[in-house]
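In what follows, a single structure is set out as C-alpha cells and then discussed.
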Amino acid sequence: MNAVRVLATLMLAAGAARPLAAQGSTFGIRGLGMPGRPVSGHDAALGGALGAIDPTGTANPAALGRFTGLAGWGVGAPAYRSFEGTGAAQNFRATRFPLFGFASNIRRRLAVGLSAGDFLDRNWSVTESDTIVIRADTVPFEDAAQSLGGVSDLRLAAAYRASARVSVGLAIHALSGSTRLTVQRNFDSPAYTDVVDVSITDFGGLGVSAGILASPAPRLDLGASIKLAGHLTAENTAGLSARVAMPLEATVSAAYEVVPGVALAGSAHHAGWSRASDDLVAAGQAPTRDLWAVAAGLDVDRANLLLARLPLRLGYRWTQLPLQIGGAWLSERAVSGGIGLRFAGGRTTADLALESGSREAGALRERFQTVFIGITVRP
Amino acid sequence: MRMASTAAWRSLGAAATVLAVLACSEQLSAPGQCPELCPGEDIQVVDTVLTGIVASDSSFRGFLDPRQTPMLVVADDDSARSVAIMRFFPRPSRIFVPNDTTGYPPRVDSVHLVLRLLVRDTAAKNLRVLIYRVPRTIDTTTTFAGIQPYFADSTLVDSILVDSVLGDTATNGTITYRVPAARVEPDTVDSGMVALGLDVRADRKTTVTFETSGAQVGSPPHLRYFVTAATAPPPQDSVQRVLDQTPTFDTFLQAQVPGTPPATAITIGNLPSARAIVRFTLPRAIVESATVVRATLLLTPLRPATGRPGERFAIEALAVLRDFSGKSVLFLDEATRGLGVVTTGSTDTIPIEIGPIVRFWRVAGDSVPRAIILRNLDESVTLGEIQVGRGNAGALAPRLRLTYVPRYRFGVP
Chain L
-6 MNAVRVLATL MLAAGAARPL AAQGSTFGIR GLGMPGRPVS GHDAALGGAL
44 GAIDPTGTAN PAALGRFTGL AGWGVGAPAY RSFEGTGAAQ NFRATRFPLF
94 GFASNIRRRL AVGLSAGDFL DRNWSVTESD TIVIRADTVP FEDAAQSLGG
144 VSDLRLAAAY RASARVSVGL AIHALSGSTR LTVQRNFDSP AYTDVVDVSI
194 TDFGGLGVSA GILASPAPRL DLGASIKLAG HLTAENTAGL SARVAMPLEA
244 TVSAAYEVVP GVALAGSAHH AGWSRASDDL VAAGQAPTRD LWAVAAGLDV
294 DRANLLLARL PLRLGYRWTQ LPLQIGGAWL SERAVSGGIG LRFAGGRTTA
344 DLALESGSRE AGALRERFQT VFIGITVRP
Chain S
6 MRMASTAAWR SLGAAATVLA VLACSEQLSA PGQCPELCPG EDIQVVDTVL
56 TGIVASDSSF RGFLDPRQTP MLVVADDDSA RSVAIMRFFP RPSRIFVPND
106 TTGYPPRVDS VHLVLRLLVR DTAAKNLRVL IYRVPRTIDT TTTFAGIQPY
156 FADSTLVDSI LVDSVLGDTA TNGTITYRVP AARVEPDTVD SGMVALGLDV
206 RADRKTTVTF ETSGAQVGSP PHLRYFVTAA TAPPPQDSVQ RVLDQTPTFD
256 TFLQAQVPGT PPATAITIGN LPSARAIVRF TLPRAIVESA TVVRATLLLT
306 PLRPATGRPG ERFAIEALAV LRDFSGKSVL FLDEATRGLG VVTTGSTDTI
356 PIEIGPIVRF WRVAGDSVPR AIILRNLDES VTLGEIQVGR GNAGALAPRL
406 RLTYVPRYRF GVP
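Protein chains in written order, with our numbering: chain L, -6 to 372; chain S, 6 to 418.
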C-alpha cells in the first residue's frame, strides 16, 4: 500500500513538473545540451561530494543498499541565471525537477529502486534582432529559437548487501525524452507575416551501470560506480535521425567522519564524452571532450535549532562540460551550502541547498544560483 | 506510528505544492550571441516573381446594376455621361382638418426639393443641378436615350446653384431648395404622381452623387409640399400641412451602359458591376511546404482606369471555396481577403496583397480550388473599372511576387 502511495505521489509531482531538467542554460543550445545533474538536496549542499555514496542519487546502484525499508524522494530546483555576453547582462529564472525515485527492500539483503533523473537538459531560448532587405525595403525582425525538453535517465536498480560493510548493485538505464524546437521570425512590419516552424525530436537509448559501496573502516564510506550507455538515437518530425555514442562514466566518492558529527566528503567523476564527438561532428555539431568533475564537502551534524538537530553543509565543485562554445571549452564551478530538516519523527527529511556558481567559455559567462529542495519520505 | 506516516505524506504534499507554484514562472530567453549561441541554420527568406501562374480566367458582368445601389450618379463627362430619374409617391388629393372627416383639396403654398449630396468635385465651379420634369411612367426599362427628350428647356423645373446652398468648399451636404410649385404639380389629380430628372452643369465636366431611396440609412430625395386646407370652412381654412413625398422609384441612367467584358481582358468594376475569377497554378513546394510571408498579385492595366474623375477605388481579392465560375462560393473573411487600390486614369501596375489567401490555401490543402474572385470592393457606390491583362497576355499577364521562407532545416540530434 505504501509503495503504491509513493508511486502515486511521484507520478503526480512529475505530471505537474516541467520536463525533467536540472537547470536551463543558454549554453545548452550546443551539442546534445547540458549534461544533467540529478543530485539530491543533501548532495547538492555538499557540492555533489556524496556522488557514489548517496542512496538517492543515480550514480551508484549499490548505494540503494542503505535503505532498509520503503523510501521515496524528489527534488525541485528553482534556478536564477544571469547571462553575460557581448551585450547587457540578461536575467532568467526557471524551476526544474531533476530527480525523483523510490526504493524498497524486497528481501532482507536486497533492495530495488526506480528513479528518474535528468540526463540531458535541452531547455534554452535565444532571441536575436536584425534587419533584412526585402523588396528594396529594410525590414527589422526578431528571430527567436526555443527548445523545450530533454532526456531523462530512467533507472531500475538493485542493490545487494553482501555484508554489513559491503553492498553491490546493478542497474539498467533507459534514456528517454523529447525536445520541441521552435524557430520563429517576427517581422516588425505589418506587410510581412511572422514565420513559425516546429520540430519534435524523440530520443531513446539503453545503458547499464554497476557499483560498490563499502565501509572498510569505521566512519569511512567508499563508493565507486561505472555506467555505460550504448547509443542515443534521435529522430525528428522531419524524418531525420542520428545515433550518438554515449559516454562511459565512472564515479568514485568517499566520506569520512573526522570527529563525531563532522564529516568530510569528496568525489571525482569522469565521463568519456569524446565518444560522442565523431557522431556529433558528422551531424554538424561541435566536437565534445572527456570531462572531469570533482567536488568536496563538509557535513556538520552537531548544531541544534530549537532543540532539534540541524545539519549544516558546505561544498564546492568544479566541473568540466563537454561543450565547445566558439572554440573555447565550457567549465563551471560553484560553492554551495545547506541545511537538513527532519519532520514526522525523522520519517520525512527536507534538505535545502543553495548553490552559486558560474560557467564560462571565452568571453561568455553565465552566473547561476540554484535552490535545491529535496524531500525524502520513509513512511 | 500511523500518525507519523501520515505526517510524512503531508510534508511531501506541501513541498510538491510549493515547487509546483515556483515552476509556474519561467523566463528563459537569452539574447542571441551568434554564431556561438544561435541555432545552426539561419532562416532563409526568398523573394521571387512568378510568371505563368494563371491557369484560366473569366470575367462576368451584371452582379449589381444601378438600381441596386444607394447612389444616383449624375455626370456630364462624356466618358461617363449619366442622369438621375426619380418618381415620388403619389401626393394625397385631399387633406384633413381637425374634427372634420371631410377631406379638402390642398392648396400648395410652396414646394421644397431635398437632395442629399454625397460627393462632388469642388474644383468644378458654378455647379448647377438641373431639375427636369419627366414622365411618371419611368421604370426599369427606361433608357438614357429614351429619357433625353425630357431633358430639355421646355421641361426644366429649375436649377440649383450648389455653391450658393452649400458653399464652394463643401463636398457633401443636404440641399433644400424651393422649386416653383406649379412645375411640380402631379400630372393628374388622380395619380398624384410627380417624376423628376436630374442633370448637372459646371465650368468643367464633372460628376456628382446623390443618395437614393435604396440606401439603408441616410436621406433619400424628398419633395415637400407645404399646403393649406383653403377650401375648408373657417377657421379650418387656415390649417396647414406638409406632404412629404419620397421616391417609389429612382435610379440613374448611363449613356453608355457597360457591356459584356472584352475577351482580351480581366475586367473588374463599374455598374453593372463586373467581377473576374482567376485560377492559379502555383508550385506546390512553395504553397504547401514554405511559409509565405508576403504575396503580391501584380495586375497590368490594358488601359487607364475609368470612373469618376479622381476616384480611388479598391480591388478586392477573395478566396473561392467552391468554383462555380462567376457564381462561385466565396470565403468572405476580411482577414483573408486581398486589397489593391486604383485611381481613375492610372495605368500603373496594380498590386494586390493576397498573402492571407495563399496561406489559406496551405491550410485548406486540396479541399479548396486555387482560385480567387476579383471585384470592386465598393462596387455598389463606385463606378471605377479596370481592365488588366489576362493569363495569356504574355508580359501583361498577372504575376505573383512571392516572399517566402522555406521549411527550416532542423538538424538532429
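Even for Gly, the Cβ is constructed at its ideal location relative to N, Cα and C.
Considering only their Cβ atoms, is the gap separating residue j from residue i smaller than 7 angstroms?
| i | j | result |
| --- | --- | --- |
| R371 of chain L | R340 of chain L | yes |
| L174 of chain L | S140 of chain L | yes |
| L228 of chain S | F93 of chain S | yes |
| G21 of chain L | V68 of chain L | no |
| L357 of chain L | A343 of chain L | no |
| G343 of chain S | E358 of chain S | yes |
| V376 of chain S | R284 of chain S | Position check: residue 376 of chain S holds Ala in this sequence, whereas Val was assumed. Taking 7 angstroms as the Cβ cut-off, A376 of chain S and R284 of chain S qualify as a contacting pair. |
| G65 of chain L | F95 of chain L | yes |
| I273 of chain S | I378 of chain S | no |
| S269 of chain L | A258 of chain L | Reading off the sequence shown, one finds Ala at residue 269 of chain L, where the question assumed Ser. Result no, Cβ atoms of A269 of chain L and A258 of chain L do not sit closer than 7 angstroms. |
| H117 of chain S | R188 of chain S | no |
| S160 of chain L | R154 of chain L | yes |
What are the residues that DSSP puts in a beta bridge with residue i?
| i | result |
| --- | --- |
| E339 of chain S | For E339 of chain S, which the question treats as bridged, DSSP gives no partner whatsoever. |
| D163 of chain S | S:I136 |
| H117 of chain S | S:R183, S:R229 |
| N98 of chain L | L:A104 |
| I391 of chain S | S:I273 |
| P71 of chain L | L:T88 |
| V255 of chain L | L:V252, L:V293 |
| D344 of chain L | L:G333, L:G367 |
| Y109 of chain S | S:I100 |
Specify the secondary structure class of residue i as computed by DSSP and reduced to three states.
| i | result |
| --- | --- |
| A234 of chain S | coil |
| Q261 of chain S | coil |
| Q83 of chain L | strand |
| R326 of chain L | strand |
| D242 of chain S | helix |
| I143 of chain S | coil |
| F20 of chain L | helix |
| P411 of chain S | coil |
| Y185 of chain L | coil |
| A281 of chain S | strand |
| R125 of chain S | coil |
| I58 of chain S | coil |
| L401 of chain S | helix |
| V363 of chain S | helix |
| V144 of chain L | strand |
| R236 of chain L | strand |
| R358 of chain L | strand |
| G338 of chain L | helix |
| R188 of chain S | helix |
| M(-6) of chain L | Low local confidence applies: a pLDDT of 44 at M(-6) of chain L is under 50, so the model's placement there is unreliable, with the coordinate-based value given in what follows. Looking at M(-6) of chain L - three-state DSSP - the assignment turns out to be coil, as it is neither helix nor strand. |
| R306 of chain L | strand |
| Q153 of chain S | helix |
| G416 of chain S | coil |
| G34 of chain L | helix |
| R406 of chain S | strand |
For a contact defined as C-beta to C-beta under 7 angstroms, what are the partners of residue i on chain S?
| i | result |
| --- | --- |
| N229 of chain L | F415, V417 |
| A235 of chain L | V417, P418 |
What residues of chain S sit near residue i, judged by a beta carbon separation below 9 angstroms?
| i | result |
| --- | --- |
| R128 of chain L | D52, R299, T301, R406, T408 |
| A276 of chain L | G416, V417, P418 |
Report the CB separation of residue i from residue j in whole angstroms; it is logged as a contact under 8 angstroms.
| i | j | result |
| --- | --- | --- |
| I1 of chain S | V139 of chain S | Outside the displayed range of chain S (6 to 418) lies residue 1 of chain S, so it cannot be described from this structure. |
| L149 of chain L | I125 of chain L | Actually they are not in contact, since the Cβ atoms of L149 of chain L and I125 of chain L sit about 52 angstroms apart, beyond 8 angstroms. |
| V297 of chain S | R404 of chain S | The pair is not a contact, with the Cβ atoms about 15 angstroms apart (cut-off 8 angstroms). |
| P240 of chain L | G265 of chain L | 4 angstroms |
| T194 of chain L | A227 of chain L | 5 angstroms |
| T211 of chain S | L132 of chain S | 7 angstroms |
Compare the C-beta of residue i against all C-beta atoms of chain C and say whether one is closer than 7 angstroms.
| i | result |
| --- | --- |
| R178 of chain L | In the displayed structure, chain C is absent; the protein chains listed are L and S. |
Name, please, each residue of chain L whose Cβ falls closer than 9 angstroms to the Cβ of residue i.
| i | result |
| --- | --- |
| I291 of chain S | Near I291 of chain S there are no residues of chain L at all, since even the closest Cβ is about 14 angstroms away, more than 9 angstroms. |
So which residues of chain S does residue i contact, with C-beta pairs closer than 8 angstroms?
| i | result |
| --- | --- |
| I22 of chain L | L42, C43, P44 |
| Y185 of chain L | V298, R299, T408 |
| V32 of chain L | Here the premise fails: no neighbours, minimum Cβ distance about 16 angstroms. |
| T61 of chain L | Here the premise fails: no neighbours, minimum Cβ distance about 16 angstroms. |
| I125 of chain L | V50 |
Can you pull the chain L neighbours of residue i, defined as C-beta to C-beta under 8 angstroms?
| i | result |
| --- | --- |
| I48 of chain S | D136, V176, R178, V188 |
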